[in-house]
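Worksheet: one structure, shown below.
Protein chains in written order, with my numbering: chain X, 7 to 83; chain E, 57 to 818.
Next comes the structure, spelled out in structure tokens:
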């Protein structure tokens, strides 16, 4: 099993393997470009540790740890 | 006239393009049923005039947000003659995701490729011609900000063939199930069968409402795989990256942009919160301060700047009915004992103009020889009411301007990012913070600003508690009564009382939100999956058009609902029961006073009811007149003080008025604290009510008014009883504990509460 996005360290890269979650959250993630195969970098965490900021498909996206838990990645090469 | 719809992602420059296309012809309305701006206008730059409808900014056409549903239904049901799809070239991949969905609809589409200049600046290249060949619809590079390429865009838009059949970009793997679903929709003769087919396969709840469609979907899923939704999203992006990475040539080495550098500081682990507090301070300082940058010292003892009176101009400013020296009056708008902030200067200038108008009308009425009641109606009722409301306008707009700038630069999204963690505890997202903090300035822009909240329940809860963040107009109530308490009861910490009252307002807001989120506004904490747009300088024209919209909106309300309610209260306070006009000076015999006497006993638990003595009704009356504008609470004291003290002359701060009221009634200091809290948390002014009504979902307004009444009554009662008899605190705590236990048990499904259920349905 790959690493979940919520467990990434700042600066860590990965490639998304699968996205789970409840319908609305999952759909929103898809619409924002969080789909299997996309490369993702954890850019930073908010001052209080949550939410997270990631770079995906060339733009900045923020999501909470709870939502990042739905995103599983393949091991980075 | 043909109609084109403008569609695109948020932050793609869609509003800028809309403004560039329509200019002064634009007007703002609401989409039916929800509070999302609907902008419409006419493009007059070509041979043919074209109507432009600005669809809400969206990332997709999924059914989960009202914005997406509106955009989708508009295209499907209103059949526009074409869609102008604005695409941010700096963010091509994600922007084209929406495009691939629009292409599935039976409607001509043209792509406006925006921000090509930024792409070139960063060293990348996008070939619009290649893009056009691949997508199969016209692609025109434009710059919405610099207004280049717009003429060509519209020329090509109007020359598009009137019909285009939707087609999908999804690959072979999905063609069989799509064809199957398409056939189903084509047989039912709905338009855009391809679009409906794909949405059905995604399990879209708007498509799967019928049994037939559901059966079709489960049949397809059984044969082609359960998770078609993921496959479809995946295929869209695969198509985009396969085709358009070629159109886009990346520069050899990505450079750290200015935006990235700014972001490093503004969302810094340690510095982000202090920086945010400083920015917030300056926004409020520039809007409300009467001592700009503390040039006149930080405390009164440090003050060194002479007032206009010190300079010998006192005569020309006060006393007489109108300024005898216009120049001095004008100068006093900018400086009087201290330099004013821009917000205050604008307010003063507007009031200067309003004073001249009022004066002119007054002369006119006198010349016409109108009856006393008629001149009072015009002067006190109509003009007084309108100026009281319009007087806020400059500061509301200044505040709005600053927050719009913060929003347009992209900083607001970062604020939400920084603060989300804190707000989630209360069942809100970081986005809710801005409207709340704006409430300290004025509830109106704050309530309008809740439009940035995606979740309806979150928005309703936020609008309801905004008035608890004590606005600028409530400050006089606080200072006057706190001053009065100190004067009569021998405390000497006005600032401590004022500060505690603010704090108590915030606590009330937090507690209310928690209760609402657990009972009537129950729901999942909305997801927080949000784009952090690149920082950029906001467009001046956009800001100004935005402000102009708000001004029109506000003035229209000032002259309708607010105006009507103001005149009603004027009538109640100026007439006796036998229809005799009494004028403002003898309010004690008015209808309003007898209403005050009637409802006085209601305030007994709050300490300013029956126990306040014969004249205790003044507090009830002041609370009612405060509905016009919260300043009126103290102004009413001023008028009523004439009952007790002959030739009463009030002070600017209203402390004298408060003292007279306290001395002539039998209120205690806990009752006065309760009175302050009651006014802070009860129904806000009519202007704020009108805004709340417009911003809340249909049918929620009356419950909101009830919520305000109940909350203020409870908060007032708690303040009075606990401050009078400390041990009552334990009773309140016990009641709260029982209430909390009941709610928790109910939410866990252990017990059923009929009363709460009913409230929920409403």
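Just so you know, even glycine gets a beta-carbon here, dropped at the ideal spot from N, CA and C.
Checklist entry - Which chain E residues are close to residue 37 of chain X, counting only those with a beta carbon under 8 Å from its beta carbon? => result On the first chain, position 31 is the one that residue 37 of chain X refers to. Near residue 37 of chain X (Cβ distances below 8 Å), the residues of chain E are 115, 116, 118, 153, 289.
Tell me whether residue 376 of chain E sits in a helix, a strand or coil according to DSSP, three-state version.
Along the second chain, one-based indexing puts residue 376 of chain E at 320. With a pLDDT of 47 at residue 376 of chain E, under the threshold of 50, the predicted position of this residue should be treated as unreliable, and no value is reported.
Which residues in chain X have a C-beta closer than 8 Å to the C-beta of residue 586 of chain E? List them in chain order. Within the second chain, numbered from 1, the residue matching residue 586 of chain E stands at position 530. Near residue 586 of chain E (Cβ distances below 8 Å), the residues of chain X are 67, 68, 69.
Which same chain residues, not among the five before or five after residue 68 of chain X, have their C-beta less than 6 Å away from its C-beta? Locating residue 68 of chain X in the first chain gives position 62, where the first residue counts as 1. Within the same chain, residue 68 of chain X has close Cβ partners 57, 59.
Self-check item: Nearest neighbour of residue 367 of chain E, chosen from E/381, E/393, E/357 [CA to CA]
Solution: The residue labelled residue 367 of chain E in the question sits at position 311 within the second chain. Comparing Cα-Cα distances from residue 367 of chain E to each of E/381, E/393, E/357, the minimum goes to E/393.
Next item on the list: Determine the extent of the alpha helix (DSSP H) in which residue 383 of chain E is found, giving its start and end residues.
Entry: Residue numbering aside, residue 383 of chain E sits at position 327 when the second chain is read from its first letter. Unbroken alpha helix (DSSP H) run through residue 383 of chain E: 382-390.
Fill in: Separation of residue 447 of chain E from residue 713 of chain E, as counted between CA atoms
The residue given as residue 713 of chain E occupies position 657 in the second chain. The residue given as residue 447 of chain E occupies position 391 in the second chain. In a straight line, the C-alpha of residue 713 of chain E is about 23 Å away from that of residue 447 of chain E.
Worksheet item: Skipping 5 residues on each side, what residues in its chain have a beta carbon closer than 7 Å to that of residue 494 of chain E?
Response: Locating residue 494 of chain E in the second chain gives position 438, where the first residue counts as 1. Here the set comprises 455, 459, 501, 502, 505.
Cβ pair residue 791 of chain E, residue 784 of chain E closer than 8 Å = In the second chain, the residue the question calls residue 791 of chain E occupies position 735. In the second chain, the residue the question calls residue 784 of chain E occupies position 728. No.
- prompt: Over what stretch of residues does the beta strand (DSSP E) that includes residue 99 of chain E continue unbroken?
  reply: The sequence position of residue 99 of chain E within the second chain is 43, counting from 1. First-last of the beta strand (DSSP E) with residue 99 of chain E: 93-99.
| query | If you count every other CB in all the chains shown that lies within 10 Å of the CB of residue 350 of chain E, and 16 or more means buried, which is it? | reply | By one-based count along the second chain, residue 350 of chain E stands at place 294. Exposed.
- Query: Mind checking whether residue 213 of chain E and residue 197 of chain E have CB atoms under 8 Å apart?
  - Reply: Translated into positions along the second chain, residue 213 of chain E becomes position 157. Translated into positions along the second chain, residue 197 of chain E becomes position 141. Their beta carbons are not under 8 Å apart, which means residue 213 of chain E does not touch residue 197 of chain E by this criterion.
Checklist entry - What residues in its chain sit with their C-beta under 8 Å from that of residue 42 of chain X, if we drop five residues either side in the sequence? => result Within the first chain, numbered from 1, the residue matching residue 42 of chain X stands at position 36. Same-chain partners within the cutoff: 22, 23, 24, 25.
Quiz prompt | Nearest to residue 636 of chain E (by Cα), restricted to the options E/540, E/466, E/428 | solution = Translated into the one-based positions of the second chain, residue 636 of chain E becomes position 580. Of E/540, E/466, E/428, the residue nearest in Cα terms is E/428.
Worksheet entry | DSSP-derived helix/strand/coil call for residue 670 of chain E | Stepping through the second chain from its first residue, residue 670 of chain E is reached at position 614. Looking at residue 670 of chain E - three-state DSSP - the assignment turns out to be coil, as it is neither helix nor strand.
For this session: May I ask you to report which of helix, strand or coil DSSP gives residue 645 of chain E?
Result: Mapped onto the second chain, residue 645 of chain E falls at position 589. Three-state result, residue 645 of chain E: helix.
For this session: Using a Cβ cut-off of 8 Å, pull out every chain C residue sitting near residue 17 of chain X, in sequence order please.
Result: In the structure shown, chain C cannot be found, because the protein chains are X and E.
Review point. For residue 666 of chain E versus residue 724 of chain E, is the C-beta spacing smaller than 8 Å?
Key: The residue given as residue 666 of chain E occupies position 610 in the second chain. The residue given as residue 724 of chain E occupies position 668 in the second chain. Not in contact: residue 666 of chain E and residue 724 of chain E (Cβ atoms no closer than 8 Å).
| request: Check whether the Cβ of residue 79 of chain X lies closer than 8 Å to any Cβ atom in chain E. | output: Start at 1 with the first residue of the first chain, and residue 79 of chain X comes out as number 73. Taking Cβ atoms only, chain E never reaches closer than 8 Å to residue 79 of chain X, which makes this a no.
Classify residue 489 of chain E as buried or exposed, calling it buried when 16 or more other Cβ atoms lie within 10 Å of its own Cβ. If you number the second chain from 1, residue 489 of chain E lands on position 433. With 16 or more Cβ atoms within 10 Å of its Cβ, residue 489 of chain E is classed as buried.
*Same chain, Cβ closer than 7 Å to residue 253 of chain E, neighbours up to 5 away in sequence not counted*: Mapped onto the second chain, residue 253 of chain E falls at position 197. 234, 237, 238, 241.
Quiz item: Among the residues of its own chain, which have a CB less than 6 Å from the CB of residue 815 of chain E, if the five just before and after it don't count?
Solution: Taking the first residue of the second chain as 1, we reach residue 815 of chain E at position 759. Note that residue 815 of chain E has pLDDT 43, beneath the 50 cutoff, so the model's placement of it is unreliable and no number is given.
Practice prompt. Sort E/186, E/135, E/205 by Cα distance to residue 77 of chain E and report the nearest one.
Written response: As a first step, residue 77 of chain E must be located in the second chain, where it is residue number 21. Checking every option, the nearest Cα to that of residue 77 of chain E belongs to E/205.
- Message: Under 7 Å, CB to CB, which of the residues in the stretch 571-595 of chain E have a partner in chain X?
- Response: 583, 584, 585, 586, 587, 588
Item to check | Euclidean distance between Cα positions of residue 549 of chain E and residue 732 of chain E | outcome: Taking the first residue of the second chain as 1, we reach residue 549 of chain E at position 493. Taking the first residue of the second chain as 1, we reach residue 732 of chain E at position 676. Roughly 16 Å separates the two Cα atoms.
- Query: What are the partner residues of residue 58 of chain E, as DSSP defines its beta bridges?
  - Reply: Position 2 of the second chain, counted from the first residue, corresponds to residue 58 of chain E. DSSP output for residue 58 of chain E lists E/106 as bridge partner(s).
- Item | Nearest to residue 662 of chain E (by Cα), restricted to the options E/769, E/129, E/466 | The residue you call residue 662 of chain E lines up with position 606 of the second chain. The residue with the shortest Cα to Cα distance from residue 662 of chain E is E/769.
Would you identify the three-state DSSP class for residue 323 of chain E, choosing helix, strand or coil?
Position 267 of the second chain, counted from the first residue, corresponds to residue 323 of chain E. Looking at residue 323 of chain E - three-state DSSP - the assignment turns out to be coil, as it is neither helix nor strand.
Rounding to the nearest angstrom, what Cα-Cα distance links residue 11 of chain X and residue 40 of chain X in this structure?
By one-based count along the first chain, residue 11 of chain X stands at place 5. By one-based count along the first chain, residue 40 of chain X stands at place 34. One C-alpha to the other measures close to 11 Å.
Notebook entry, point to check: So the alpha helix (DSSP H) residue 722 of chain E belongs to, where does it begin and stop?
Noted result: Numbered from its first residue, the second chain carries residue 722 of chain E at position 666. No alpha helix (DSSP H) contains residue 722 of chain E, which DSSP labels as neither H nor E.
Kindly indicate which three-state DSSP category residue 135 of chain E falls into: helix, strand or coil? In the second chain, counting from the first residue as 1, residue 135 of chain E sits at position 79. Correct three-state label for residue 135 of chain E: coil.
Chain X beta carbons: is any one of them nearer than 8 Å to that of residue 180 of chain E? In the second chain, residue 180 of chain E corresponds to position 124, counting from 1. So, not an interface residue.
Spatially closest choice to residue 49 of chain X from E/745, E/324, E/188, by CA coordinates: Looking up residue 49 of chain X in the first chain gives position 43. Among E/745, E/324, E/188, the Cα nearest to that of residue 49 of chain X is on E/324.
Review point. Are the C-beta atoms of residue 473 of chain E and some chain X residue less than 8 Å apart?
Key: Taking the second chain and counting its residues from 1, one reaches residue 473 of chain E at position 417. Yes - at least one Cβ of chain X is within 8 Å of the one on residue 473 of chain E.
Q.
Considering only their Cβ atoms, is the gap separating residue 710 of chain E from residue 538 of chain E smaller than 8 Å?
A. Here the question's residue 538 of chain E lines up with position 482 in the second chain. Here the question's residue 710 of chain E lines up with position 654 in the second chain. Not closer than 8 Å, so no.
Cβ shell of residue 697 of chain E (< 6 Å), same chain only, five flanking positions each side left out: Looking up residue 697 of chain E in the second chain gives position 641. If we look at residue 697 of chain E and ignore the five residues flanking it on each side, its Cβ neighbours are 704, 713, 716.
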